[in-house]
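K.L.:
The structure follows.
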Amino acid sequence: MSQVETMINVVLPDGSQRSLPSGSTGGDLAKSIAQGLFRKAVGLLINGEIRDLASPLQNEDTVKILTADDVESYELLRHSTAHVMAQAVQRIFPKAKIAIGPTIQDGFYYDFEIPDHPLTTEDLEKIEAEMKRIAGEDQRLVRYCIPDVDQQLAEFKSQGEKFKAELLDEHRNDNPTLYLMQDKEGKTVWNDLCRGPHLPSTGLIKAFKLMKVSGSYWRGDEKREQLQRIYATCWWKEKDLADYLHRLEEAERRDHRRLSKQLDLFTMHDEVGPGLVFWHPNLATVRSVIEDFWRDEHRKRDYQFVFTPHIAHEKLYEISGHLENYSENMYASMEIDEEPYRVKPMNCPGHIMIYKSRLRSYRDLPLRFAELGTVYRYERSGVLHGMLRVRGFTQDDSHIFCRPDQLESEVIGIVDLIDHLMKTFGYTFKAYLATRPEKSLGSKDDWDFATNALENALKAKNMDYEVDHGGGAFYAPKIDFKLFDAIGREWQGPTIQVDLNLPDRFDVTYIGEDGNRHKAIMVHRAVLGSMERFCGGLIEHYAGAFPTWLAPIQVAVLPISDRHHAYAKEIFEALRKVGLRARLDDRAETINYRIRECQMEQIPYMLVLGDKELENKTVAPRHRRSGNMAPLNLEAFLLQIEKEIAEKA
Ligand SMILES: [Zn+2]
Ligand SMILES: [Zn+2]
13 MSQVETMINV VLPDGSQRSL PSGSTGGDLA KSIAQGLFRK AVGLLINGEI RDLASPLQNE
73 DTVKILTADD VESYELLRHS TAHVMAQAVQ RIFPKAKIAI GPTIQDGFYY DFEIPDHPLT
133 TEDLEKIEAE MKRIAGEDQR LVRYCIPDVD QQLAEFKSQG EKFKAELLDE HRNDNPTLYL
193 MQDKEGKTVW NDLCRGPHLP STGLIKAFKL MKVSGSYWRG DEKREQLQRI YATCWWKEKD
253 LADYLHRLEE AERRDHRRLS KQLDLFTMHD EVGPGLVFWH PNLATVRSVI EDFWRDEHRK
313 RDYQFVFTPH IAHEKLYEIS GHLENYSENM YASMEIDEEP YRVKPMNCPG HIMIYKSRLR
373 SYRDLPLRFA ELGTVYRYER SGVLHGMLRV RGFTQDDSHI FCRPDQLESE VIGIVDLIDH
433 LMKTFGYTFK AYLATRPEKS LGSKDDWDFA TNALENALKA KNMDYEVDHG GGAFYAPKID
493 FKLFDAIGRE WQGPTIQVDL NLPDRFDVTY IGEDGNRHKA IMVHRAVLGS MERFCGGLIE
553 HYAGAFPTWL APIQVAVLPI SDRHHAYAKE IFEALRKVGL RARLDDRAET INYRIRECQM
613 EQIPYMLVLG DKELENKTVA PRHRRSGNMA PLNLEAFLLQ IEKEIAEKA
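Here you go:
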């Protein structure tokens, strides 16, 4: 054999090539580049696939050495830690049988059958401690191709590992592999049936935490064995783990369902059914203020408000195509005068009815119809989530009918409105332009025209955006906005769609300058989305502390004792007179108790009134965050709070 034949060439991420003796592994490659890289290497990306560091390389492979700095490395880390957990569980519970342990977002889980022992929090602590020990043992994870499947099957069965046996039997023709976990002497101390890939050794595992146990079934089938699932999170560094746990705590603190109890915001009821929201006065106040603001902003932009019925004859949804394309989200039909009716899942067909009620000329356009339209859609009960995913909701819906030459400026107007509204609520956002999917209606020319108009509008507004190739609806290119809240979490935001379907289905036209009929352009847009999801999101965004302009109660008036009651009443009436949402709390409770209650309710201002205030005719405001402020006269306080409200600060 000549020297040339025993060498292979691999391609590195920067495009450079490297020659290595054939049979070289990723580890050899890392060493040949730099010792430092070898020490940091945890795995490989071979031709885009994550693999073991010890994988042999082939000629022409494109290879990237993965370190903890690469996102792909988390898959290796978390999945390997799952095996460490399984081994720890079997050390502590020798009768435990192991099932599967995939990675999930931020961590992994593993399913176990542990006869007659429901896992407790103390068990999780024990398992965690055992995992630390296994990590400390720095066991090597070695891939091992099963030479004789039947022999291995017999072995699994003799160990009672029925789940592994079942999987192995199923994959007997897929070159099944075991991963052997070996101690420093090279002795196999444990193994698991797995395709890999994994970290080279458990010594790399440092920062993890077992989170909770829940019930599951083998293969998700409730007729099969019941299992216990342990969820865990896992990170490269202790600091990352601590940050993650802090984020979880913060999300829990902000959970809108939890805050709803504290602040009396909304409920749902078993006797009503899931996904149907009851807005209590506090949250209904917040919503009304938002709706007033919403109406003002739309009026300024020449929108016209409409109302449409909540039920309609099936004929309407036959024409719109909803019966054909959307029926799994629609509720069953009801009979009225022996005719089939449906509860509306969308407002669009209704707005089209108004458009089509008369002949429209090119001079009438654009027409911008807006409605806070309540719709009902079926969602599986498993996906319902507080106010964020519900079955009945009110969209801030609008449909714009315009001429082709007006489309771009209409979209600019919408982007402008979105920008203004989202900034008012303190959200940052990012735009995604979703283009024509593979399966779509309408001609390429129409798609190009509409997509260009959307893109030009984003450019005209200097908006930072990404293109989501093929991500459009089958009938429309669109711009989706993602919102980022106060703790950087992502929320589904506003959307703008140019409909290439409904104008055809409903024959939505206008008479052009040439006297002929032309197809009108129809734009759907929602800015807040649904009032339910938006308000649920706002609760979390503000952690329940609504800014003064939105707060259900803006000012609480708290007289210290009986002799301050008359003065307090006077102040309270004055606040109400100028339209502030005020509350007078002159109960006989101590002043500290009443202040604490206001604080719990996140009321922005408290006016504590005692002898000094009465004597000087002043008020002593106390802010929920910054505490006591200098006493001032009522006019000065009103000026200050009215400015704050007007600026929506
Ligand atoms: Zn594995
Ligand atoms: Zn629509």
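So in our numbering the end of the sequence shown lands on 661, straight run, no missing numbers.
The C-beta atom is built at its ideal place from N, Cα and C for all residues, glycine as well.
Just so it is clear, the structure is predicted and the values come from calculations on it, not from any experiment.
1) Looking at the secondary structure, which residues open and close the beta strand (DSSP E) in which Lys221 lies?
2) Compute the beta-carbon to beta-carbon distance between Pro357 and Asn341, rounded to the nearest angstrom, for a pair I have assumed lies under 8 Å.
3) Tell me the DSSP secondary structure of Met13 in three-state form.
4) Alpha carbon to alpha carbon, what distance is there between Lys629 and Gln652?
5) Report back the beta-carbon spacing between Phe405 and Val318 to the nearest angstrom; my notes put them in contact at under 8 Å.
6) Is His310 near ligand 2 - that is, is its Cβ less than 8 Å away from at least one heavy atom of it?
7) Any idea what DSSP makes of Ile348, helix, strand or coil?
8) Could you compute how far the alpha carbon of Ala642 sits from the alpha carbon of Gly622?
9) Would you mind stating whether Leu562 and Leu570 have Cβ atoms separated by less than 9 Å?
10) Less than 6 Å between C-beta atoms, sequence neighbours within five positions excluded: which residues of the same chain meet that for Asn513?
11) Could you tell me the distance, in whole angstroms, from the CA atom of Ala263 to the CA atom of Phe175?
12) Since Ile508 and Lys490 should fall inside the 8 Å C-beta cutoff, what is the C-beta to C-beta distance between them, to a whole number of angstroms?
13) May I ask you to verify whether the stretch 187-199 touches the stretch 139-152, counting CB pairs closer than 8 Å and requiring at least 3?
14) Cα-Cα, which of Ala141, Asn359, Leu69 and Gly285 is closest to Arg537?
15) Measuring alpha carbon to alpha carbon, tell me which residue in Leu644, Tyr367, Arg184 and Ile657 is nearest Leu619.
16) Could you give the DSSP three-state label for Gln171: helix, strand or coil?
17) Rounded to whole angstroms, what's the CA-CA distance from Asn474 to Leu377? Just pull it up for me.
18) Report all residues from its chain with a CB closer than 6 Å to the CB of Val479; omit the five preceding and five following residues, and keep chain order.
19) Between the Cα of Leu396 and those of Asp457, Ala485, Val289 and His310, spot the shortest distance and give me the residue it belongs to.
20) With hydrogens ignored, establish whether the beta-carbon of Arg184 is closer than 8 Å to any heavy atom of ligand 1.
21) If you measure from the CB of Asn359, is any heavy atom of ligand 2 nearer than 8 Å?
22) Give me the residue from Val201, Thr74, Gly208 and Glu659 with the minimum Cα distance to Gln29.
23) Run the Cβ filter for me: residues under 6 Å from any heavy atom of ligand 1, listed in the order they occur in the chain.
24) Expressed to the nearest angstrom, what Euclidean distance is found between the alpha-carbon atoms of Asp519 and Gly394?
25) Would you tell me roughly how many angstroms separate the C-alpha atoms of Arg265 and Gly500, rounded to the nearest one?
26) May I ask which residues mark the beginning and end of the beta strand (DSSP E) holding Met365?
27) Looking at the secondary structure, which residues open and close the alpha helix (DSSP H) in which His576 lies?
28) Answer with buried or exposed for Pro114, where buried requires no fewer than 16 other C-beta atoms within 10 angstroms of its C-beta.
29) With respect to the beta strand (DSSP E) encompassing Ala324, which residues constitute its N-terminal and C-terminal limits?
30) Assign Met13 to buried or exposed, taking buried as 16 or more other Cβ atoms, counted over all protein chains shown, within 10 Å of its Cβ.
31) With the cut-off set at 9 Å, would you say Tyr390 and Tyr329 are in Cβ contact?
32) Please give me, in chain order, every unbroken run of the alpha helix (DSSP H) with length at least 4 that falls completely inside the stretch 378-466.
33) Within a Cβ cutoff of 8 Å, which residues of the same chain sit near Val590, ignoring the five residues on either side of it in sequence?
34) Which residues bound the beta strand (DSSP E) around His481?
35) Would you report the Cα separation of Gly55 and Ala254, rounded to the nearest angstrom?
36) So, using beta-carbon positions, are Thr79 and Leu57 closer together than 9 Å?
P.N.:
The answer reads as follows:
1) For this step, residue 221 is matched to residue 209 along the sequence shown. Per DSSP, Lys221 belongs to the beta strand (DSSP E) from Ala219 to Tyr229.
2) Here residue 357 corresponds to residue number 345 of the sequence shown, with the count starting at 1. Here residue 341 corresponds to residue number 329 of the sequence shown, with the count starting at 1. At roughly 6 Å, the Cβ-Cβ gap stays under 8 Å, so Pro357 and Asn341 are in contact.
3) For the purposes of this step, residue 13 is identified with residue 1 of the sequence shown, where counting begins at 1. Below a pLDDT of 50, predicted positions are generally treated as unreliable, and Met13, at 47, falls in that range; the measurement from the model is reported next regardless. Met13 falls in the coil class under three-state DSSP.
4) What you label residue 652 is simply residue 640 of the sequence shown in a count that begins at 1. What you label residue 629 is simply residue 617 of the sequence shown in a count that begins at 1. For Gln652 and Lys629, the distance between alpha carbons rounds to 17 Å.
5) Counting from 1 along the sequence shown, the entry for residue 405 is found at position 393. Counting from 1 along the sequence shown, the entry for residue 318 is found at position 306. In fact, because the Cβ distance is near 18 Å, the residues do not count as touching under 8 Å.
6) Taking the sequence shown and counting its residues from 1, the one referred to as residue 310 is at position 298. No, the beta carbon of His310 sits no closer than 8 Å to any heavy atom of ligand 2.
7) Within the sequence shown, residue 348 is the residue found at index 336, counting from 1. Note: Ile348 maps to strand in three-state DSSP.
8) Locating residue 642 in the sequence shown gives position 630, where the first residue counts as 1. Locating residue 622 in the sequence shown gives position 610, where the first residue counts as 1. Distance between the alpha carbons of Ala642 and Gly622: 14 Å.
9) As a first step, residue 562 is located in the sequence shown; it is residue number 550 there, counting from the start. As a first step, residue 570 is located in the sequence shown; it is residue number 558 there, counting from the start. Not in contact: Leu562 and Leu570 (Cβ atoms no closer than 9 Å).
10) For the purposes of this step, residue 513 is taken as the residue at position 501 of the sequence shown. Only Leu453 and Tyr487 meet the Cβ criterion.
11) Position 251 of the sequence shown, counting from 1, holds the residue named residue 263. Position 163 of the sequence shown, counting from 1, holds the residue named residue 175. Taking the straight line from one Cα to the other gives about 36 Å.
12) Position 496 of the sequence shown holds residue 508. Position 478 of the sequence shown holds residue 490. With a Cβ gap of about 6 Å, Ile508 and Lys490 count as contacting.
13) yes
14) Here residue 537 corresponds to residue number 525 of the sequence shown, with the count starting at 1. If we check each option's Cα against that of Arg537, Asn359 comes out closest.
15) Position 607 of the sequence shown, counted from the start, is the residue given in the question as residue 619. It is Leu644 whose Cα lies nearest to the Cα of Leu619.
16) On the sequence shown, residue 171 is found 159 positions in, with the first residue counted as 1. Correct three-state label for Gln171: coil.
17) Position 462 of the sequence shown, counted from the first residue, corresponds to residue 474. Position 365 of the sequence shown, counted from the first residue, corresponds to residue 377. C-alpha separation (whole angstroms): 26 Å.
18) Residue mapping note: residue 479 aligns to position 467 of the sequence shown, counting from 1. Excluding residues within five positions, the ones whose Cβ falls inside 6 Å are Leu445.
19) Taking the first residue of the sequence shown as 1, we reach residue 396 at position 384. Closest option to Leu396, Cα to Cα, is Val289.
20) Counting from 1 along the sequence shown, the entry for residue 184 is found at position 172. Not under cutoff, so the answer is no.
21) Within the sequence shown, numbered from 1, the residue matching residue 359 stands at position 347. Yes; taking the cut-off as 8 Å, the Cβ of Asn359 has a heavy atom of ligand 2 nearer than that.
22) Residue 29 sits at position 17 when you count from the first residue of the sequence shown. Among Val201, Thr74, Gly208 and Glu659, the Cα nearest to that of Gln29 is on Thr74.
23) His91, His95, Tyr191, Cys206, Gly208 and His210
24) Sequence index remark: in the sequence shown, residue 519 carries index 507 (1-based). Sequence index remark: in the sequence shown, residue 394 carries index 382 (1-based). Rounded to whole angstroms, Asp519 to Gly394 spans 39 Å at the Cα level.
25) If you number the sequence shown from 1, residue 265 lands on position 253. If you number the sequence shown from 1, residue 500 lands on position 488. Those two C-alpha atoms are separated by around 15 Å.
26) Looking up residue 365 in the sequence shown gives position 353. Counting along the chain, Met365 falls outside any beta strand (DSSP E), though it belongs to the alpha helix (DSSP H) covering Cys360 to Tyr367.
27) Locating residue 576 in the sequence shown gives position 564, counting from the first residue. Counting along the chain, His576 falls outside any alpha helix (DSSP H), and DSSP gives it neither H nor E.
28) Residue numbering aside, residue 114 sits at position 102 when the sequence shown is read from its first letter. Exposed: under 16 other Cβ atoms inside 10 Å.
29) Position 312 of the sequence shown holds residue 324. Counting along the chain, the beta strand (DSSP E) containing Ala324 begins and ends at Ile323 to His325.
30) The residue given as residue 13 occupies position 1 in the sequence shown. Because the pLDDT at Met13 is just 47, under 50, the model does not fix this residue reliably, and the point stays unresolved.
31) As a first step, residue 390 must be located in the sequence shown, where it is residue number 378. As a first step, residue 329 must be located in the sequence shown, where it is residue number 317. No, the pair does not count as a contact, with Cβ atoms beyond the cut-off.
32) 419-436
33) Translated into the one-based positions of the sequence shown, residue 590 becomes position 578. Excluding sequence neighbours, Val590 sits near Leu650 and Glu654.
34) Within the sequence shown, numbered from 1, the residue matching residue 481 stands at position 469. Unbroken run through His481: none, as it is neither H nor E.
35) The residue you call residue 55 lines up with position 43 of the sequence shown. The residue you call residue 254 lines up with position 242 of the sequence shown. One C-alpha to the other measures close to 25 Å.
36) Here the question's residue 79 lines up with position 67 in the sequence shown. Here the question's residue 57 lines up with position 45 in the sequence shown. Taking 9 Å as the Cβ cut-off, Thr79 and Leu57 do not qualify as a contacting pair.
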